[in-house]
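Working notes, structure below.
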Amino acid sequence: MLGFIARRILYAIPTFFAVSIVAFIIIQLPPGDYLTTLVASMASQGETVDPAALEALRNRYGLGEPIWVQYFKWMSNIFLRGDFGQSFEWNQPVASLIWNRLFLSFMLSLSTLLFVWAVALPVGIYSAVRQYSLGDYAFTFLGFIGLAIPNFLLALLLMYIGFRFFGQSVGGLFSPEYQEAPWSWAKFVDMLSHLWIPIVIIGTAGTASLIRIMRANLLDELRKPYVVTARAKGLPEHQVILRYPVRVALNPFVSTIGWVLPALISGEAITAIVLSLPTTGPLLLRALMSQDMYLAGSFILMLSTLTIIGTLLSDVLLALLDPRIRLE
Amino acid sequence: MNPSSQELLIDIRGLKTHFPLDEGVVKAVDGVDLSIHRNRTLCVVGESGCGKSITARSILQIVDKPGRIVEGSILYYRQSGMGNVEVIDLAALDPYGAAIRDIRGKEISMVFQEPMTSLSPVHTIGRQITEAIRLHMPLSKREAKAHAIEMLRHVGIPQPELRFDDYPFQLSGGMRQRAMIAMALSCNPSLVIADEPTTAVDVTTQAQILELLARLQAEHGMAVMLITHDLGVVAETADDVAVMYLGQVVEFGTVEQIFFSPKHPYTRALLKSIPTMSRRAQGRLDSIRGMVPDPFNRPQGCPFHTRCEEKIAGVCDRIAPPRITLEDGRDVRCLLYAQDIEMTPVQDAA
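The following block contains the structure:
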């Protein structure tokens, strides 16, 4: 088991570097750089930029250097000094911009993941065990609706409902009075009362697809002979189902963590913009649009790292769950 | 038959287990009569799809959905100490109720066909055996483990302490089937139902498993219901034989009766279709002509008349044969042996 985990971690390291290179190249792909964007936006406002000043900026940011030098500088700064570079647009170190938002994003993703599991697991089991029952059809219907409705529409809908019928201040993660306040218990409670709307919105599609996955897997497993064996032992029916087929059907459930984690973080971008949440999504979108290289790059690097960690986690959990993986 | 009626363990009468499907009702078991006696081995033989397994599963009420018992009785003569015998109709019990669960795995247990798929792939065999033990016996975890290891040793698994923590995929097919048998025997049942226990293992292992079952039966004094389509196995192990065709027991007798003087045309045809060493390689092997009828479209009258060599035209395709008990005690479902039934062929008014 330890050997298995060590091997997986070893695989993760080259993956991380490969992903970081790809991320950096993609950021560089659009023609021009931050300065051309800057010049263009200033020109559109009727201003002109002194070419000498432009050249000075170019040197200061190291934009004139070959791409691999830029990449090397960026990576070594991250590893040696924890310095993710400077955001051009905000004129601040990237680190100070993203950590707070990343934390909120992570909180949101984690609670959404828990929500998705808490709903999808029992509903999936129910739908499989009572296949073609009224309840199964109802959940299937709801599930497809959940998959089909785009997040932003759901966001607008829930905002309207929350405002119209519950008189809640919608949008954002905090009420105005806590917006700038330091962390306290009251602020935390306030956050929780706001959190449910984005959780439901972001989680709906994931819940719907996980219900389908759980239902399909369990239906396969329920027909396996070992279920009959368990029943022939004299186990009560609910123990038969929970101990055996559900246990085996959990495998794909766990292996979804790998992609659910980053999907939640990137998938919340649109929702976050509609709900004006102080999470990573809106900031990333803006950084990409203005070619704020290091800010966007750091975000993408973080997201990729989370994907790698998510995959690693799901690998380890899978190995814990299934001896056939652990023992080869 | 009837060695002694006190030794009767299971008495199945007129059992019908049907599967209502969209395409129609599949009558997998359609009027089975047979009995199982203590300390004896009953072999149930027949072609694939004749209802052997469903009959066995009906006894434990573990027929897969949508199948269910629609008619008949399965009387279980339970020994309740002091020589008292309590009679329970298993067919009348709720499949999910506590009464049948108390019997499953404890008094009647089952060994399945494919030990690879019939054991959970993600639990150790030790865990799967102790689960059955703890469910039915008042033992602590440690005692249950000791008992499970003892059972594994008993069925001939080497180093049972180590194998206890193995997963099914780490064992060979023969070892897996032994573990399965250990699980079935762990609560000292009065009946073990073995549903083609040797189909998934090679011939050498097959012989070992059958020997093991025979030895355990002698040691534990239990009844065995062995389902097989291998007549060689039947000849070696059976005390009694039930020959099934299309959801019915067509002939039921002792192994001597069945092998030395088969009465039902189907039994005869079945015995003729076994290759024998003495026949040399000359001549074609007899086979039963025709095909097993479509389950949705069962023939009228005797279910076997479409393939029968001795059918009486106008009778067999009209009258469903009742169970007839012959003088030597065996049961046969064939109109050739009916005396009190109107035998005059119905002439077509042509």
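Line by line, the protein sequences are chains R and G.
Residue 125 in my numbering is what sits at position 104 of the first sequence, and the numbering runs on without skipping anything.
Residue 154 in my numbering is what sits at position 162 of the second sequence, and the numbering runs on without skipping anything.
Yeah, the Cβ is synthetic: ideal placement off N, Cα and C, and Gly gets one too.
Asked                                                                                                                                                                               : Found
I need the DSSP call for residue 225 of chain G, collapsed to helix, strand or coil.                                                                                                : helix
Please determine if the segment 0 to 16 of chain G and the segment 333 to 348 of chain R are in contact, where contact requires at least 3 C-beta pairs separated by less than 8 Å. : no
What does DSSP give as the partner residues of residue 71 of chain G in its beta bridges?                                                                                           : G:77
Can you say whether residue 36 of chain G is buried or exposed, counting buried as having 16 or more other CB atoms within 10 angstroms of its CB?                                  : buried
Quick one: list the residues of chain G neighbouring residue 345 of chain R, beta-carbon separation under 8 Å, in chain order.                                                      : 113, 114, 159, 161
Between residue 144 of chain R and residue 222 of chain R, is the Cβ-Cβ spacing less than 8 Å?                                                                                      : no
List the residues of chain R whose Cβ lies closer than 8 Å to the Cβ of residue 109 of chain G, in chain order.                                                                     : 245, 246, 247
Given a cut-off of 8 Å, decide if residue 93 of chain G and residue 257 of chain R are closer than it, judged by their beta-carbon atoms.                                           : yes
Comparing the C-beta of residue 102 of chain G with each C-beta of chain R, is any distance below 8 Å?                                                                              : yes
Any beta-carbon of chain R closer than 8 Å to the one on residue 133 of chain G?                                                                                                    : no
Taking 8 Å as the threshold (beta carbon to beta carbon), is residue 280 of chain G in contact with chain R?                                                                        : no
In terms of DSSP beta bridges, what is residue 331 of chain G paired with?                                                                                                          : DSSP output for residue 331 of chain G lists no bridge partner at all.
Can you check whether the C-beta of residue 242 of chain R is within less than 8 Å of a C-beta belonging to chain G?                                                                : no
For residue 300 of chain R, which residues in the same chain have their Cβ closer than 7 Å to its Cβ, ignoring the five residues on either side in sequence?                        : 122, 125, 126, 129, 289, 293
Scan the segment 68 to 148 of chain G and note each continuous beta strand (DSSP E) run of 3 residues or more that stays entirely inside, going in chain order.                     : 77 to 81, 100 to 103
Go through the segment 177 to 234 of chain R residue by residue and report every complete run of the beta strand (DSSP E) that reaches 3 residues or more, in order.                : none
Just to make sure I have the definition right: I need the residues of chain G whose C-beta is within less than 7 Å of the C-beta of residue 273 of chain R. Which are they?         : Residues of chain G passing the Cβ test: none, with the nearest at roughly 14 Å.
So, at 6 Å on beta carbons, what are the nonlocal neighbours of residue 185 of chain G in its own chain, with the 5 sequence-adjacent residues on each side left out?               : 48, 102, 217
At the level of alpha carbons, what is the spacing between residue 14 of chain G and residue 236 of chain G?                                                                        : 26 Å
For residue 219 of chain G, name the three-state secondary structure that DSSP assigns.                                                                                             : strand
Contact between the segment 68 to 75 of chain G and the segment 131 to 138 of chain G: three or more CB pairs below 8 Å?                                                            : no
Look at the Cβ atom of residue 25 of chain G, then the Cβ atom of residue 315 of chain G, and state whether they are nearer than 8 Å.                                               : yes
Report the three-state DSSP secondary structure of residue 241 of chain G (helix, strand or coil).                                                                                  : strand
Give the DSSP bridge partners of residue 151 of chain G, in chain order.                                                                                                            : Per DSSP, none; premise fails for residue 151 of chain G.
Using a Cβ-Cβ cut-off of less than 7 Å, give me the residues of the segment 249 to 273 of chain R that come near chain G, in sequence order.                                        : 249, 250, 252, 253, 254, 255, 256, 257, 258, 265, 268, 269
Tell me which residue opens and which closes the alpha helix (DSSP H) that residue 26 of chain G is part of.                                                                        : No alpha helix (DSSP H) contains residue 26 of chain G, which is instead part of the beta strand (DSSP E) from 16 to 29.
Quick one: does residue 340 of chain G have its CB under 8 Å from some CB of chain R?                                                                                               : Confidence in residue 340 of chain G is poor, its pLDDT being 45 and thus under 50, which makes the residue's placement unreliable; the coordinate value appears in the next sentence. No, because no Cβ of chain R sits closer than 8 Å to the Cβ of residue 340 of chain G.
Over the uninterrupted alpha helix (DSSP H) stretch that includes residue 187 of chain G, give me the two end residues.                                                             : Looking at the DSSP string, residue 187 of chain G is not in any alpha helix (DSSP H); the run it does join, the beta strand (DSSP E), is 183 to 187.
Can you list the residues of chain G that residue 341 of chain R reaches, using a CB-CB cut of under 7 Å?                                                                           : Correct list: empty, because the minimum Cβ distance to chain G is about 11 Å.
Of all the residues that make up the segment 43 to 54 of chain G, which are near chain R by a beta-carbon distance shorter than 7 Å?                                                : 52, 54
Quick check on residue 248 of chain R: does DSSP put it in helix, strand or coil?                                                                                                   : helix
Cα-Cα, which of R:138, R:342, R:309, R:227 is closest to residue 50 of chain R?                                                                                                     : R:309
Would you mind sorting residue -4 of chain G into buried or exposed? The rule is 16 or more other CB atoms within 10 Å of its CB.                                                   : Unreliable positioning characterises residue -4 of chain G in this predicted model, as indicated by a pLDDT of 48, which lies under 50. A coordinate reading is not provided.
Does residue 264 of chain G come out as helix, strand or coil in the three-state DSSP assignment?                                                                                   : helix
What are the residues of the segment 66 to 97 of chain G that lie near chain R, defined by any Cβ-Cβ distance shorter than 7 Å?                                                     : 88, 93, 94, 96, 97
Check the Cβ-Cβ distances between residue 256 of chain G and every residue of chain R, and say whether any is below 8 Å.                                                            : no
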